[in-house]
Amino acid sequence: MSGLFITFEGGEGAGKTTQCRLLHDYFKGRGRDVVLTREPGGTPEGEKIRNLLVQRDGGQWTPMAECLLFFAARQMHVEKLIKPALAAGKIVICDRFSDSTLAYQGYGHGFDHDTIRTLDRVTLQHFTPHLTFLLDIAPDQGLKRSLAHNQSTTGSQSTEDRFEHLKLEFHEKLRAGFLDIAQQNPGRIHVIDATQSADQIYFAITKIVEAFHAV
Ligand code: TYD
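In our numbering, the protein residues as written are 1 to 215.
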């Protein structure tokens, strides 16, 4: 059986992490070997880079340095974990991937889109997911959910919030960016209305996965 690489994208509080887990269980229940991973991170080295990028006191990176760190972690992730898993016929589900860099660093922070695409090409050599789910939600709703989730899971504010603390305006640009990227990649990216219940979202996603498998 051939491997399948599925990514989840979206702004804060869209429910990606929940849906990644549900889809993981869906495949497991059907006897498939599934790897659940995330970005930034996914390898021990990538997790170290993650701390530099997402912790509140991780550092004041220039836009280029920030992009290079995301791609450094991603290159390790693809070579050490994702490609070997796919070659072994496994399903890889990843919470965020390259679309996040174009959306956050490009559309959100205004870093040059062509430079990001070039870095992507140089580091990953056209390696892209087979399927991507973009969980779309209005930023004010998503941020409310995300802050409530942080408080309920940690009892206090998590410190992995460097990006969550940015202004609403940033998150509006981010959402528009993700939708733009989806429009440019209609075969790969499926936009899911993330205001629906977790069950409804799960149903929509598994329908698409089944249709993809049937092709
Ligand atoms: P995480 O806690 O995983 O956020 P979420 O639960 O929203 O996925 O933290 C990852 C943060 O890093 C998130 O705010 C998005 C940001 N990010 C980028 O800015 N660029 C990227 O390429 C990636 C992968 C993540």
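Quick reminder that beta carbons are idealized off the backbone N, C-alpha and C, glycines included.
Keep in mind it's a predicted model, so treat the numbers as computed, not measured.
Rounded straight-line distance, which links the Cα of residue j to that of residue i
| i | j | result |
| --- | --- | --- |
| residue 105 | residue 67 | 7 Å |
| residue 140 | residue 5 | 30 Å |
| residue 138 | residue 145 | 11 Å |
| residue 168 | residue 111 | 18 Å |
| residue 191 | residue 135 | 6 Å |
| residue 30 | residue 13 | 28 Å |
| residue 64 | residue 194 | 31 Å |
| residue 61 | residue 211 | 42 Å |
| residue 79 | residue 207 | 30 Å |
| residue 43 | residue 196 | 32 Å |
| residue 75 | residue 50 | 13 Å |
| residue 125 | residue 21 | 28 Å |
| residue 183 | residue 87 | 29 Å |
Proximity of residue i and residue j at Cβ, strictly below 8 Å
| i | j | result |
| --- | --- | --- |
| residue 174 | residue 73 | no |
| residue 7 | residue 186 | no |
| residue 39 | residue 127 | no |
| residue 58 | residue 77 | no |
| residue 2 | residue 89 | yes |
| residue 93 | residue 24 | yes |
| residue 52 | residue 69 | yes |
| residue 17 | residue 95 | yes |
| residue 189 | residue 201 | no |
| residue 15 | residue 178 | no |
| residue 91 | residue 34 | yes |
| residue 170 | residue 108 | yes |
| residue 118 | residue 71 | no |
| residue 116 | residue 132 | no |
| residue 55 | residue 205 | no |
Where residue i falls: helix, strand or coil (DSSP)
| i | result |
| --- | --- |
| residue 27 | helix |
| residue 3 | coil |
| residue 120 | helix |
| residue 15 | coil |
| residue 190 | strand |
| residue 110 | coil |
| residue 136 | strand |
| residue 101 | helix |
| residue 128 | coil |
| residue 195 | coil |
Query raised in the report: Can you give, in chain order, each stretch of the beta strand (DSSP E) that sits fully within the region 39 to 96 and has at least 3 residues?
Result: 91 to 95
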